[in-house]
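Novice:
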Amino acid sequence: METISLPQKEGACISERQNSILTAGAGRKSIHCADDSLAGSVSQRACVFCGARVVLNPVTDAVHLVHGPIGCAAYTWDIRGSLSSGSEMYRNSFSTDMKERDVVFGGEKKLAACIDEIVEKYRPPAIFVYATCVTGMIGDDIVAVCKEATRHHNTEVIPVESSGFISGNKVVGYRAAALALMRLITPKAGEHVEKTQKLNFLGEYNLSGEMWLARRYLGEMGIEINVAFTGDSTVAALKQAPGACLNLVQCTGSMHWVAQQLEKEFGTPFMDVNFFGAENTAESLRKIARFYDNPVITERTERIIERETARIRPALERYRQKLAGKRAAIYVGGAYKAVALIRQLRELGMEIVLTGTQTGKTEEYATITSLLDDGAIVVDDTNPAEIERFLIEKKVDVMAGGVKERVLAYKLGVGFVDHNHDRKECLAGFDGAVNFAREVYISTCSPVWKYLRAPTGGA
Amino acid sequence: MAPAGNAGTVRQVNENQCQHCMPLGAIIAFRGIAGAMALVHGSQGCSTYMRLTCVNHFNEPVDIASSSLNEKQTIHGGEANLKKALDNMRRVYAPSVVGVLTTCLAETMGEDLDRIIRDYRNGQETGCPDIIAVPTPSYSGSHTEGYWAATKAVIAHYARPTEPHRRINVIVPHISPADIREIQRIFTLMGLAITLIPDYSLTLDRPFAGRYQKIPAGGTRPLEIAAMPGAPLTIQFGATCPDNLSPGLWLEQEYGVPLVNLPLPVGVEAADQLLAVLEKISGHPRPESLANERGWLLDAMADAHKHNAEGRAAIYGEPELVYAITRACAENGIAPVVIASGTRTGRLAACVEPLLASLDEHPAVLEETDFAAIESAALNAGANIAIGHSGGKFFTERHGIPVVRTGFPVHDRVGGQRILSVGYAGTLVLLDRITNTLLEEKHGSYRRLRYEETNRTEIMEGA
Chain A
0 METISLPQKE
10 GACISERQNS
20 ILTAGAGRKS
30 IHCADDSLAG
40 SVSQRACVFC
50 GARVVLNPVT
60 DAVHLVHGPI
70 GCAAYTWDIR
80 GSLSSGSEMY
90 RNSFSTDMKE
100 RDVVFGGEKK
110 LAACIDEIVE
120 KYRPPAIFVY
130 ATCVTGMIGD
140 DIVAVCKEAT
150 RHHNTEVIPV
160 ESSGFISGNK
170 VVGYRAAALA
180 LMRLITPKAG
190 EHVEKTQKLN
200 FLGEYNLSGE
210 MWLARRYLGE
220 MGIEINVAFT
230 GDSTVAALKQ
240 APGACLNLVQ
250 CTGSMHWVAQ
260 QLEKEFGTPF
270 MDVNFFGAEN
280 TAESLRKIAR
290 FYDNPVITER
300 TERIIERETA
310 RIRPALERYR
320 QKLAGKRAAI
330 YVGGAYKAVA
340 LIRQLRELGM
350 EIVLTGTQTG
360 KTEEYATITS
370 LLDDGAIVVD
380 DTNPAEIERF
390 LIEKKVDVMA
400 GGVKERVLAY
410 KLGVGFVDHN
420 HDRKECLAGF
430 DGAVNFAREV
440 YISTCSPVWK
450 YLRAPTGGA
Chain B
0 MAPAGNAGTV
10 RQVNENQCQH
20 CMPLGAIIAF
30 RGIAGAMALV
40 HGSQGCSTYM
50 RLTCVNHFNE
60 PVDIASSSLN
70 EKQTIHGGEA
80 NLKKALDNMR
90 RVYAPSVVGV
100 LTTCLAETMG
110 EDLDRIIRDY
120 RNGQETGCPD
130 IIAVPTPSYS
140 GSHTEGYWAA
150 TKAVIAHYAR
160 PTEPHRRINV
170 IVPHISPADI
180 REIQRIFTLM
190 GLAITLIPDY
200 SLTLDRPFAG
210 RYQKIPAGGT
220 RPLEIAAMPG
230 APLTIQFGAT
240 CPDNLSPGLW
250 LEQEYGVPLV
260 NLPLPVGVEA
270 ADQLLAVLEK
280 ISGHPRPESL
290 ANERGWLLDA
300 MADAHKHNAE
310 GRAAIYGEPE
320 LVYAITRACA
330 ENGIAPVVIA
340 SGTRTGRLAA
350 CVEPLLASLD
360 EHPAVLEETD
370 FAAIESAALN
380 AGANIAIGHS
390 GGKFFTERHG
400 IPVVRTGFPV
410 HDRVGGQRIL
420 SVGYAGTLVL
430 LDRITNTLLE
440 EKHGSYRRLR
450 YEETNRTEIM
460 EGA
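These protein sequence lines map, in sequence, to chains A and B.
Residues 0 to 458 in numbering that gives the first Met the number 0 are what the first sequence lists, from first letter to last.
Residues 0 to 462 in numbering that gives the first Met the number 0 are what the second sequence lists, from first letter to last.
Structure follows, in structure tokens:
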């Protein structure tokens, strides 16, 4: 049984990480994943609080109040490129700015005072109050403070129990956010939400308007989005969530659990969709049409797919000719995105030699491994040293990932595609497939590499 | 104290942060020590966020280890994780210096770092790196304080009684790698040998080399730091640095090295102040090249003074840079109408006080403040230009006020690591950027404004 032998000399990797790395088609089939990051390994992961905040932050008219010292709020201020068609409240970052005495004497009073100030100044329809490491540690009862504030101000003040230390895995923060969402959505006594023919779009954050594009396709099919979780959503729209007849789930890591809850609570069925790449988009639209089981919708869907596919084909073909045979690496947060990227890069004729995620689960890694050619590397919760090694070993031409991987790739003279939270280009749907191909092309085939890779470029 | 509110009331909530937290500043300082790597003792997110912030600004990989504490360790103590983190980072990175920085979590847990580190060191055979612990809980201060605290801790760790020598100690505040290189150039031109600390001029702004150096070459060498007590003098650019964190003051008190504490040399007056000191200690006048640079700056000041007179600036960021830029604005007739920092040193207000008498109007001076307060003060005062880091992007987005980006972090423009503003040459670059920003606004609006001013009645009648 062959595993990768990790050299202990220059560029050495940590031996405990061996089981988190495997080679497709070579012996060991399963990968160690979904565990806490190894201390000192320089993981690319963030924390529980981060996971919660990225899921909830796109709720546009809510106030996001971080209960903790200044850093947690400062580092997450407007970090996600979710767009809004209305309120811009979510782009502000509120902090209780805990100081030493608050840590010593408890921060509940200050939290209550901050909520009072926010309500007085803005009267927001909801305030999400995020717990951080310190508030969790000193035992501030944010649930009680939120309950009292909700009563006192007659507005929704919702605790998000996202103390960073609960786990080294962002996914735990997704759950904290999901619980907060369920708290917001669940109708109060006496409230009732009528069922409609609309659908909810879960795990869609409207990065660079991607939800709007999906909404256009669905609209043409005759289907309306009730509310997206949470891209371009409002508090009032989220409260209508129980009225949907179907839940689409895109980012499975953050939203599968919510979909299961919605099914349990309100009987709404759910299905996984994926709008990254032309093939994925077409498949997803067909799947949605099948659910509605209406010949008019089916006919419209086929028409859209045919029209859009034909429209983007020449552009994709042009890029394909430039990119065929180039070697790509992927390192992203969630597995659904990795799977979509593998498919998209394949469509461009590229070979995928490395794929990894921060938060993938065992069965998701099985899917990823099955999609890859023999010899490709699969890696969970990797770090710069490993990325560097594989980029060099596998002679990668372009990498898709987040900000921290970008600078590393550039230092090695490797191209890069930004597939992160703050991307500015729409990468979903048919148009997104072309944008994606273009981004892969402009980086992979940039003239700058000629100078950087020349013998005299790197000294 | 919480940010000052509009009506003079004390606000509790911080709305849009102007500062980051303590360990971040310490990370940057450790980046300026040769062979050093930072290990953040806390939950995984802290180190990742700080990496992200650094990467976005410097456009360089900045690897920071974490002890990745989780729930179990917060109850039973993080000792095992910290030791494991040290082992793992040594295996992969082989640092010769490790800066162990605490977070609010570790401090609240009450981790006894000194004991843990002593214990770890005792358990090693040979080749254990120098481990320097710095308490940097977020609730105790901003990245500015973290930067000074780490710089002081490193000096205190290495400094040894040393025979007098001629190398001058130069201690820089958190400035750009390009600014550090400019300061080095000025000392070289004056023929003075220096120990500059922390020197991240090459570690956070690396020339392309075709490979990734896990611990990039460069930084102040521990041997040189050890010899700082033998220096004839310390020049510290730390007018706003609090005494308890001042590395230069520590060297003076512990080893009797005289301290010359100067403002950052931004603006002709502050640069003159530095050059006067350098001429005195070197015993010879500045070379022609520096004299020319001063002349070019004066020439530019004359050329631009009427344009600059229209500037009403909101200046915000770290205290030292804010103070320096405020002086540079004032001497060019740009009215500093808001002078603000997210950090509270207590020194910023005192430093700008003497300037106020010469100004036509009294600016708002805000310490330990947030962008909600800065924005409101700027709008009240009719600011037409903002000078500071990317946090001020909303000045433009929401109010159409342009931002001249400088300081840290600059994450929405390229080149944060090479923004130059010190010395005569650096001031000239900064001044041109400010003047040209004012000019761009002017050319973009004066036709419409003049029309509106002279045709107001017609517009109103037409409406």
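The beta carbon of each residue, even a glycine, is placed where N, CA and C say it ideally should be.
1) Are the CB atoms of A/L247 and A/S283 within a distance shorter than 9 Å?
2) Opposite B/E268 in the DSSP bridges: which residues?
3) Around the C-beta of A/K410, are 16 or more other C-beta atoms found within 10 angstroms, so that it is buried, or is it exposed?
4) Leaving out five residues on either side along the sequence, give the residues of the same chain with a beta carbon under 8 Å from the beta carbon of B/A3.
5) To the nearest angstrom, how far is the alpha carbon of B/N5 from that of B/A230?
6) Can you tell me which of B/P136, B/I400 and B/R165 puts its alpha carbon nearest to the alpha carbon of B/I433?
7) Report all residues from its chain with a CB closer than 6 Å to the CB of A/C46; omit the five preceding and five following residues, and keep chain order.
8) How would you label B/G109, buried or exposed, when you count the other beta carbons within 10 angstroms and need 16 or more for buried?
9) So the alpha helix (DSSP H) B/V54 belongs to, where does it begin and stop?
10) Could you give the uninterrupted runs of the beta strand (DSSP E) lying entirely in the stretch 323-386 of chain A, keeping only those of 3 residues or more?
11) Could you please tell me which residues of the stretch 130-153 of chain B, in chain order, have their CB closer than 8 Å to any CB of chain A?
12) Would you kindly work out how many angstroms separate the C-alpha atoms of A/N225 and A/D430, rounded to a whole number?
13) Quick check on A/N199: does DSSP put it in helix, strand or coil?
14) Can you check whether the CB of B/G391 is closer than 9 Å to the CB of B/Y315?
15) Does the Cβ-Cβ distance between A/A243 and A/L198 come in under 9 Å?
16) For the alpha helix (DSSP H) holding A/V54, just list the boundary residues, first then last.
17) Name the DSSP bridge partner or partners of B/S141?
18) Is it buried or exposed, B/R343, if we count other Cβ atoms within 10 angstroms and call 16 or more buried?
19) Please tell me whether A/A384 has its Cβ less than 9 Å away from any Cβ of chain B.
20) Between which residues of its own chain and B/C45 is the CB-CB distance below 6 Å, once the five residues before and five after are set aside?
21) Give the secondary structure of A/H31 by DSSP, where H, G and I count as helix, E and B as strand, and everything else as coil.
22) Going by DSSP in three states, B/N15 sits in which element: helix, strand or coil?
23) Pairing CB atoms from the stretch 179-193 of chain A with CB atoms from the stretch 392-411 of chain A, are three or more of them under 8 Å?
24) Please list, in chain order, the chain B residues whose beta carbon lies closer than 7 Å to that of A/G221.
25) Going by CA-CA distance only, name the one from A/S92, A/Y450, A/T233 and A/H191 that's closest to A/N205.
26) Do we get a CB-CB distance below 9 Å when we pair B/G41 with the residues of chain A?
27) Could you compute how far the alpha carbon of B/I131 sits from the alpha carbon of B/A149?
28) Counting contacts by CB-CB distance shorter than 9 Å, is A/C250 in contact with chain B?
29) Tell whether a beta-carbon distance below 9 Å holds between B/A303 and B/N331.
30) Would you mind stating whether B/V267 and B/Y423 have Cβ atoms separated by less than 9 Å?
31) On the CB-based measure, 16 or more other CB atoms within 10 Å of its CB, does B/S476 come out buried or exposed?
32) Using a Cβ-Cβ cut-off of less than 9 Å, give me the residues of the stretch 138-159 of chain A that come near chain B, in sequence order.
33) Start and end of the beta strand (DSSP E) containing B/V169?
34) Based on Cα-Cα distance, which residue from B/L188, B/C20, B/Y254 and B/H56 lies nearest to B/L232?
35) Name, going along the chain, the residues of the stretch 197-215 of chain B whose beta-carbon falls closer than 7 Å to a beta-carbon of chain A.
36) So which residues on chain A does B/E70 lean against when the C-beta distance must stay under 8 Å?
Specialist: Straight from the coordinates:
1) yes
2) Beta-bridge pairing links B/E268 to no other residue.
3) buried
4) Since pLDDT at B/A3 reaches only 43, below the 50 mark, its modelled position is unreliable, and no value is offered.
5) Reliability fails at B/N5, whose pLDDT of 42 lies under 50, so the model's placement of it is uncertain and the value that follows must be treated cautiously. Approximately 48 Å between the Cα atoms of the pair.
6) B/I400
7) For A/C46, same chain residues with a beta-carbon under 6 Å away, outside a window of 5 residues either side, are G163 in chain order.
8) exposed
9) Q43 to F57
10) Taken in chain order, the whole beta strand (DSSP E) runs of length 3 or more contained in the stretch 323-386 of chain A are 326-331, 350-356 and 376-379.
11) Taking 8 Å as the Cβ-Cβ cut-off, the stretch 130-153 of chain B approaches chain A at P136, S137, Y138, S139 and S141, given in chain order.
12) 23 Å
13) strand
14) yes
15) Using a Cβ distance threshold of 9 Å, A/A243 and A/L198 count as a contacting pair.
16) V47 to L55
17) B/C20
18) Buried, by the Cβ-count rule.
19) yes
20) V39 and T102
21) coil
22) B/N15: coil per DSSP, three-state reduction.
23) no
24) Correct list: empty, because the minimum Cβ distance to chain B is about 37 Å.
25) Closest option to A/N205, judged by alpha-carbon separation, among A/S92, A/Y450, A/T233 and A/H191: A/T233.
26) yes
27) Between B/I131 and B/A149, the C-alpha separation is close to 9 Å.
28) A/C250 does not count as touching chain B.
29) yes
30) yes
31) In this structure chain B extends from 0 to 462, so residue 476 of chain B is not present and cannot be described.
32) Going along the stretch 138-159 of chain A in chain order, one finds no residue with a Cβ nearer than 9 Å to chain B.
33) I167 to I170
34) B/Y254
35) F207, A208, G209, R210, Y211 and K213
36) F164, I165 and S166
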